[in-house]
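Novice:
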Amino acid sequence: MNSRFKILFLALILLVSCHKPKVDLISPSIIPAPQSLQVNPGHFTIDLSTVISNGDDFTHSVTFLKDFLRQRTGRNWETKYASENVISFEYDGSIIKQEGYTLDINKQHILIKSSADAGAFYAVQSLIQLMPFELEKSVITNVIYLPAVTIKDEPRFSYRGMHLDVSRHMYDVEFIKKYIDAMAMLKINTFHWHLTDDQGWRIEIKKYPKLQEIAAYRDSTLIGHYNDSPRLYDATKYGGFYTQEEIREVIAFAKARQINIIPEIEIPGHAQAAIAAYPELGCTGKKIGVATEWGVFEDIYCPNEATFIFLENVLDEVMELFPSPYIHIGGDEAPKTQWKTSPVAQQVIQENGLKDEHELQSYFIQRMENYLNSKGRNIIGWDEILEGGLAPNATVMSWRGTKGAIEAAKSGHDVIMTPTSHAYFDYYQSENKNEPTAIGGFLALEKVYHFNPIPEELTAEEAKHILGPQGNIWTEYMTTSEQVEYMAFPRMLAMSEVAWTKAENKNYSSFINRVEYFHQRMDALGINYANHLYEVSGFLNDQQQYELSTASFGKEIRYTTDGSKPTTSSTLYKQAIPFTENLSVNAGVFKDGKLLGKVFTQDLLYHKGIGALITINKEPSTSYQGSGAQGLINGIKGSDSRYGDSEWLGFWGEDIEIDIEFKEPILVDEIKLRFYHAPGQWIYAPEKYYIFLETKNGIISDLVKLPKNDETLILSNYNWKRFKGFEDKKINALKINIPNYGIIPDGKQGAGNKAWTFIDEIIIN
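Following this line, the structure appears as C-alpha cells:
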C-alpha cells in the first residue's frame with residue numbers, strides 16, 4: 065500500500081468515526097419511580113470532551129458507568145477532576161439510607177451524591193434510564209443528550225427480591241446474568257436462587273458426587289399440564305447443575321450490581337432428588353428416582369444424625385460459595401406421612417419430648433438454624449416453618465397469604481412478603497385463551513402494582529419487621545429462558561415499584577405510560593416481555609350495562625356484538641353497552657387505523673338472576689374478591705383455566721351462605737353452580753350444597769350431592785333442577801349453603817391445611 069493510499073484510507077476512517085449518529089433527547093421515564101423528580105429547563109450533553117470526576121468512594125458505580133459509556137461511545141473513560149462538562153460522584157453523609165441518592169443534571173454537569181456505593185449505583189441506573197433506549201443495543205455515538213432533572217430518591221424497603229426456580233427447568237449462566245442485569249436496572253437488590261427440589265439438584269457439592277451424577281438428572285419430564293388426563297411424558301433425560309466455578313462467577317457478577325444472592329437448599333421436604341442419589345437419607349431406605357412431574361411427594365429427609373451430618377456438609381460448601389448473610393432452607397410442603405410410620409422419626413419425637421410431627425419439623429429446622437447461626441448465618445424459610453414453633457432467629461418468607469406474615473411480625477420476626485395472590489409470576493397474566501400454558505391462577509399487572517406488602521393488621525412498630533416484597537418465578541411450565549422472560553416482564557417492573565417507591569408516590573396511570581415506553585428499552589435489551597397493555601377488559605356496572613376499557617392511553621376501542629372481528633369501521637366505544645339479552649362482545653384497541661394487541665371476546669349470558677340483590681355471609685379473601693358478590697349474578701363466567709380473574713370468588717376454609725332476593729317472584733327451572741377444582745393449588749370443589757327456595761307458602765329445601773372429583777378435573781358443574789310438584793311455584797328468594805371441603809388430606813399438596821372454595825356465576829333459568 066503506497067503512502068498516498070494510506071493517507072486517504074486513514075482520512076476515510078477518521079471521517080466515518082466523526083459521523084457517529086447522535087441520539088436524541090427523551091422525556092424522563094424511570095422505573096421504579098423516584099420519590100422526587102423535578103424536570104428543569106435545558107439538557108446536558110455527553111460528548112468526547114466529557115469526563116468522570118472523583119469516584120474514589122464509589123468503585124462499583126463508577127466502573128459500571130465507565131463500562132456502559134465505553135460500549136456506547138467507543139472510547140475508554142478515565143476519572144479526573146473537572147469543573148464543567150463532567151459527571152461527578154460525591155460523598156454526602158446527610159443521605160441516611162445507603163441506597164439513597166441525589167442526581168442533578170444541568171447544562172454544566174451531572175452530579176451524583178450518596179453516602180454509599182449502593183446509592184451511587186442506583187443513581188447510575190436512573191441516569192441510564194434517562195438515556196435513549198437505542199443505547200441499550202450498544203449503538204456507538206459521539207453525543208448523548210440527557211434532560212435536566214433533579215432527583216432525590218431512596219427505597220421504601222431494604223429487601224427487594226426476585227426469585228428463580230432452576231430445579232424444574234434449568235437455564236444457562238448467560239441467562240442468569242441477563243436476569244440479574246434486569247434486576248439491577250430495576251433497583252432490585254436480592255436474587256433468591258432456588259437450587260434444589262424434587263425434580264433436580266442444581267448445585268455442585270464436591271463431597272457428594274452422586275448429587276451431580278444422579279440427583280441433577282431426571283429420566284423424563286411431564287408433557288403438558290399436570291391436570292391433563294392421561295398424563296404424558298417425554299421419555300428424555302433432563303438436567304444439569306452449576307459448577308462451583310460458575311456459581312462464583314455469577315456471585316461476582318451480581319455483587320458488581322449491588323445484588324445479594326440467597327441460595328435455597330430445600331429442607332426437610334422437596335428432597336426426592338437428593339434421596340434418589342442417597343436413599344439412606346430417606347425414611348424408607350428404598351431406591352427411588354428423581355421426580356418426573358410436578359407436585360408434592362412423600363419422600364422426606366429422615367431426622368437421624370447421618371442426615372444432619374449430610375446437610376451440614378452440604379451447607380458448609382454452600383456457605384463457602386455464597387457470602388449472603390441469609391441461607392434459605394425451604395421448609396414448605398413437607399408431608400409428614402413417612403415420619404408417622406418411621407421408627408427413627410418416632411424415636412426422635414419421644415426422646416426430645418415433641419408433641420407430634422409438626423413439632424418434629426420445627427426441631428429439624430431449629431437444628432439447621434443452630435448450625436447456620438454458629439457459622440454466622442441466619443435462615444429464611446417459607447411460612448410453614450411457623451408450624452410447631454418458630455426457630456428463634458428465623459426470617460419468614462410469607463407465601464400462603466398474609467396470616468403467616470402477621471403471626472411472625474407480631475412475635476418479633478422479620479418477614480419477606482411473597483404471597484401467591486400478588487407475587488407468583490408463574491400464574492397467568494391475561495385472560496386471553498391463547499396465553500402459554502401456566503400453572504393456573506391469574507395475576508394481572510395491575511394487581512401486582514397495587515400490592516401493599518405491609519398487612520393492615522400490623523402496628524407501625526410491628527410493620528418494621530416487614531423487610532420487603534419478592535416476586536417468584538416457579539418454572540414447571542417454562543422450558544426456555546424466553547418463557548421465563550415472558551412470565552417475568554412486565555410484572556417484575558411492577559414489583560420493583562412496589563418495593564422501591566413509597567405508596568404515596570405511586571400512580572398506576574403514570575406507571576402504564578412508563579411501561580409503554582419501557583417496551584422499547586426491553587426490545588433493545590432482547591427481553592421477551594408480555595405485552596397486554598393493548599388488551600380490552602370489561603365489566604357489568606350497577607345499571608346492568610357492559611363497560612369496556614384499556615390500560616393504555618390515547619387509543620380507541622372498537623367493538624362488535626354479532627360475533628365478528630372488530631375493524632376500523634366497527635362501532636367506536638363511547639358509552640356502556642346495554643345488557644338486556646345474550647351478548648357476544650368482540651373488541652380491540654386501535655390507533656392510526658391499526659389493531660394493537662389481541663381481540664378481546666366476552667360472552668354475556670342473560671338469565672333471571674341478573675339485577676337481583678345478592679349477599680354472602682362471608683367476605684371472600686382480599687386476594688380473590690373477583691367482582692364481589694354481585695359478580696356471581698352478572699352474566700359473566702370466570703375463566704375455564706385460571707381462578708384469580710375478575711369473576712372467581714375465593715374463600716379459604718369457610719362455609720359459604722349466599723342469599724339472592726328477586727325484584728319480583730319468578731319461576732325457576734334450574735340453578736347452575738360452578739366450582740373451580742385444582743387440588744394441586746389447594747382448591748377443592750365442595751362435596752355437597754344445600755338449596756332453600758322461598759315461596760309465598762314457605763321455604764322448600766333440597767340437598768345436592770356432588771360426585772367425587774377427579775384430580776384432573778378443573779371445573780365442577782352442578783345443577784339443581786326443578787322437581788316434581790314444584791312446577792308452578794314461583795320463588796321470591798333463594799339461599800344456597802355451601803360447606804367447605806375441609807382439611808386437605810395427607811399425601812396431597814397443602815396436606816393439613818384448610819381447602820379453598822372458588823365459585824363463579826350462579827345461572828338461574
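For any residue, its number in our numbering is found by taking its place in the sequence shown, counting from 1, and adding 64.
Backbone N, C-alpha and C define an ideal beta-carbon position, used for all residues, glycine too.
#1: Given a cut-off of 8 Å on the beta-carbon distance, is the pair Thr348 and Gln402 in contact?
#2: From the DSSP output, which residues share a beta bridge with Glu611?
#3: When the distance is taken between beta carbons, is Tyr610 closer than 8 Å to Tyr572?
#4: Starting from the Cα of Glu725, find the closest Cα among Tyr707, Asp709, Thr759 and Leu713 and give me that residue.
#5: I need the straight-line Cα distance from Tyr623 to His289, nearest angstrom please.
#6: Say whether the stretch 384-397 touches the stretch 408-420, bearing in mind that this needs 3 or more beta-carbon pairs closer than 8 Å, one atom from each stretch.
#7: Check for me: the beta strand (DSSP E) holding Gly714 runs from which residue to which?
#8: Could you give the residue range of the alpha helix (DSSP H) that holds Ile151?
#9: To which residues of the same chain is Asn817 closer than 6 Å at the C-beta, ignoring the five residues directly before and after it?
#10: Consult DSSP for Ser765 and reduce its assignment to one of helix, strand or coil.
#11: Among the candidates Ile802, Lys812 and Val213, whose CA atom is the shortest distance from the CA of Leu767?
#12: Let me know the beta strand (DSSP E) ranges lying completely inside the stretch 214-272, each 3 residues or longer, listed in chain order.
#13: Using 10 angstroms around the beta-carbon of Lys177, count the other beta-carbons present and answer buried if the total reaches 16, otherwise exposed.
#14: Looking at C-beta atoms only, is the number of pairs between the stretch 253-268 and the stretch 316-335 that lie closer than 8 Å three or more?
#15: Who pairs with Phe664 in a beta bridge, going by DSSP?
#16: Smallest Cα separation from His583: which of Val354, Pro196, Lys171 and Lys570?
#17: Would you mind giving the Cβ-Cβ distance between Tyr740 and Ile747, rounded to the nearest angstrom? I have them listed as a contact below 8 Å.
#18: Under a Cβ-count criterion, where at least 16 other Cβ atoms within 10 Å of its own Cβ denotes burial, should Ile311 be classed as buried or exposed?
#19: From the DSSP secondary-structure annotation, give me the bridge partner or partners of Thr166.
#20: How is the alpha helix (DSSP H) around Glu725 delimited, first residue to last?
#21: Can you check whether the CB of Leu345 is closer than 8 Å to the CB of Phe317?
#22: Which stretch, first to last residue, makes up the beta strand (DSSP E) that contains Gln102?
#23: Counting only the same chain and skipping the five closest in sequence on each side, list residues whose C-beta sits under 6 Å from that of Trp820.
#24: What residue range is occupied by the uninterrupted beta strand (DSSP E) comprising Phe822?
#25: Do the CB positions of His233 and Met542 come within less than 8 Å of each other?
#26: For Phe108, which option in Leu175, Trp538, Asn829 and Met559 has the closest C-alpha, if you only look at C-alpha atoms?
#27: Do Glu599 and Lys662 count as a contact pair if the criterion is CB distance below 8 Å?
#28: Can you say whether Thr371 is buried or exposed, counting buried as having 16 or more other CB atoms within 10 angstroms of its CB?
#29: Smallest Cα separation from Ile735: which of Lys241, Ile826 and Pro407?
#30: Which value, in whole angstroms, describes the spacing of the CA atoms of Glu313 and Tyr488?
#31: Can you tell me the Cα-Cα spacing of Ser284 and Glu540, whole angstroms?
#32: My assumption, with CB atoms under 8 Å, is that Asp587 sits in contact with Leu696. Please give the rounded CB distance.
#33: Who are the Cβ neighbours of Ser381 in its own chain at under 7 Å, not counting the five residues just before and after it?
#34: Buried or exposed: where does Ala299 fall if 16 or more other Cβ atoms within 10 Å of its Cβ makes it buried?
#35: Where Asp704 and Lys497 are concerned, what is the direct C-alpha to C-alpha distance, given to the nearest angstrom?
#36: Under the three-state reduction of DSSP, which class applies to Phe305: helix, strand or coil?
Specialist: On the basis of the supplied data:
#1: Between Thr348 and Gln402, the C-beta gap is smaller than 8 Å, which places the two residues in contact.
#2: Paired residues: Phe603.
#3: For the pair Tyr572 and Tyr610, the CB atoms are not nearer than the 8 Å cut-off.
#4: Selected option, being the one with the closest Cα: Thr759.
#5: Rounded to the nearest angstrom, the two C-alpha atoms are 33 Å apart.
#6: These segments do not touch.
#7: Secondary structure note for Gly714: its beta strand (DSSP E) is the uninterrupted segment Leu713 to Trp716.
#8: Per DSSP, Ile151 belongs to no alpha helix (DSSP H); it is in the beta strand (DSSP E), Val150 to Tyr155.
#9: Correct list, in chain order: Ile808.
#10: When DSSP states are grouped into helix, strand and coil, Ser765 belongs to the strand group.
#11: Measuring from the Cα of Leu767, the nearest candidate turns out to be Ile802.
#12: Counting only runs of 3 or more, we get 225-229 and 254-258.
#13: Under the 10 Å beta carbon count, Lys177 is surrounded by 16 or more other beta carbons and is classified as buried.
#14: Yes, the stretch 253-268 is in contact with the stretch 316-335.
#15: Its beta-bridge partners are Ala651.
#16: Ranked by Cα distance from His583, the first of Val354, Pro196, Lys171 and Lys570 is Pro196.
#17: Confirmed, about 5 Å.
#18: Burial call: buried.
#19: Partner(s): Lys177 and Lys216.
#20: Under the DSSP assignment, Glu725 falls outside any alpha helix (DSSP H), being part of the beta strand (DSSP E) whose first and last residues are Ile720 to Leu731.
#21: No, the Cβ-Cβ distance between Phe317 and Leu345 is not below 8 Å.
#22: Counting along the chain, the beta strand (DSSP E) containing Gln102 begins and ends at Ser100 to Ile110.
#23: Once the five neighbours on either side are set aside, the close Cβ partners of Trp820 are Gly714, Trp716, Trp746 and Ile747.
#24: Secondary structure note for Phe822: its beta strand (DSSP E) is the uninterrupted segment Trp820 to Ile823.
#25: In this structure, His233 lies near Met542, with their beta-carbon atoms less than 8 Å apart.
#26: When only C-alpha atoms are compared, the closest one is Leu175.
#27: Cβ atoms of Lys662 and Glu599: closer than 8 Å.
#28: Under the 10 Å beta carbon count, Thr371 is surrounded by 16 or more other beta carbons and is classified as buried.
#29: The shortest C-alpha separation from Ile735 is found at Ile826.
#30: Our two residues, Glu313 and Tyr488, have alpha carbons roughly 28 Å apart in a direct line.
#31: Ser284 and Glu540: Cα-Cα distance of roughly 13 Å.
#32: With a Cβ gap of about 42 Å, Asp587 and Leu696 do not count as contacting.
#33: The sequence given here places Glu at residue 381; Ser does not occur at that position. Leaving aside the five residues that flank Glu381 on each side, the residues in its chain whose CB is nearer than 7 Å to its CB run, in chain order, Ile269, Lys270 and Lys271.
#34: With fewer than 16 neighbouring CB atoms inside 10 Å of its own CB, Ala299 falls in the exposed class.
#35: If you take the alpha carbons of Asp704 and Lys497, they lie about 9 Å apart.
#36: DSSP places Phe305 in coil when its eight states are reduced to three.
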